[in-house]
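Enquirer: Dropping the structure in here first, questions after.
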Amino acid sequence: MDLPFPSPFSSGALASGHGRPDLNQGDLAASHAYQSYQRQRQMTLGDLLLENRIVFLQGEIHYGNANELVMKLLYLQSENRRKDIHFYINSPGGSVTATLAIYDTMQMLSCPVATYCVGEACSGAAVLLVGGAKGKRQCLPNSRVMMHQPMGGVGGQVSDIEIQATEMFRYRDVLNEIIAKHSGQTVEKISQDTDRDFFLGANEAKEYGIVDDILTKPVEEDDDDD
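Once you know that position 192 of the sequence shown is 1182 in my numbering, the rest is easy, because the numbers rise by one and skip nothing.
Printed below as a string of structure tokens:
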């Protein structure tokens, strides 16, 4: 027994022989708007920020968030090789090798990476802040920067401890050279200042060469109704 419904593949249900209902321009616009709305509903806050070329580092630096940041940076590079990436940082630092993975990726990109300190950029996070594109490194007025020697604990046989200590000294020199390169300070001064925890406020960070500017709210002119 035949169903009392026209087949969706019958000629009456096809438009222009392509098997799709005939939609006018208004229907198409509404369909596209609905699809866009559905897509935005499914996007996370991180996805929305990424669409605007914004990446965020929060909390301790470790292999997990370092790898995620590297993937985001590479994706944004593939999307546009010239447009700025905006890298916001609020971190106490963390793994030296994870920090250097992010830093090296920033340096190899062709698109400028603007860095922003929100809250604090300490230890390895300070390296990422100063490693941003020259002229595009900024911090908020009440943020702080802290630099110091690499920290770590070692154990085992004496020979193993010596090997690990030598590696820590090597990383200390690498980080000091990076900070000196981007800040304009000498390696000797960086080494002396970071012998212990070295804190800088926003103005001090600017004077030291860690950032180029301090972000403040733009002054809006009052509308003159007269």
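Note that the Cβ used here is the ideal one computed from N, Cα and C, for glycine as well.
Nothing here was measured: the structure is a model prediction, and the numbers come from that model.
#1: Cutting at 7 Å between CB atoms, please list the residues of its own chain near residue 1147, excluding the five before and the five after it.
#2: One question on the structure: do residue 1134 and residue 1201 come within less than 8 Å of each other, judged by their Cβ atoms?
#3: If we count the other Cβ atoms within 10 Å of its Cβ and call it buried at 16 or more, is residue 1155 buried or exposed?
#4: Can the beta-carbon of residue 1099 be found closer than 8 Å to that of residue 1067?
#5: Exposed or buried, residue 1055, counting other C-beta atoms within 10 Å across all chains shown (16 or more means buried)?
#6: Could you tell me the boundaries of the beta strand (DSSP E) in which residue 1052 lies?
#7: Would DSSP call residue 1083 helix, strand or coil?
#8: Can you give me the Cβ contacts of residue 1207 inside the same chain, cut-off strictly under 6 Å, excluding the 5 residues immediately before and after it?
#9: Near residue 1073, which residues of its chain fall below 7 Å by C-beta distance, leaving aside the five closest residues on each side in sequence?
#10: Taking just the CA atoms, how far does residue 1032 sit from residue 1001?
#11: Excluding five sequence neighbours on each side, which residues of the same chain lie with their C-beta closer than 6 Å to the C-beta of residue 1210?
Expert: So, from the listed chains and residues:
#1: Counting from one through the sequence shown, the residue named residue 1147 turns up at place 157. Excluding residues within five positions, none has a Cβ falling inside 7 Å.
#2: In the sequence shown, the residue the question calls residue 1134 occupies position 144. In the sequence shown, the residue the question calls residue 1201 occupies position 211. For residue 1134 and residue 1201, no; Cβs fall outside 8 Å.
#3: Your numbering for residue 1155 matches position 165 in the sequence shown. Exposed, by the Cβ-count rule.
#4: In the sequence shown, residue 1099 corresponds to position 109, counting from 1. In the sequence shown, residue 1067 corresponds to position 77, counting from 1. The answer is yes: Cβ separation under 8 Å.
#5: What you label residue 1055 is simply residue 65 of the sequence shown in a count that begins at 1. Buried: at least 16 other Cβ atoms inside 10 Å.
#6: Reading the sequence shown from its first residue, position 62 is the one you call residue 1052. Element bounds for residue 1052: n/a, residue is neither H nor E.
#7: Counting from one through the sequence shown, the residue named residue 1083 turns up at place 93. The answer is coil: DSSP assigns residue 1083 none of H, G, I, E or B.
#8: Position 217 of the sequence shown holds residue 1207. In its chain, beyond the 5 residues on either side, no residue has a beta carbon closer than 6 Å to the beta carbon of residue 1207.
#9: In the sequence shown, the residue the question calls residue 1073 occupies position 83. Excluding residues within five positions, the ones whose Cβ falls inside 7 Å are 1043, 1101.
#10: Indexing the sequence shown from 1 puts residue 1001 at position 11. Indexing the sequence shown from 1 puts residue 1032 at position 42. Confidence in residue 1001 is poor, its pLDDT being 44 and thus under 50, which makes the residue's placement unreliable; the coordinate value appears in the next sentence. Their backbone Cα atoms lie some 37 Å apart in a straight line.
#11: Sequence index remark: in the sequence shown, residue 1210 carries index 220 (1-based). Same-chain partners within the cutoff: there are none.
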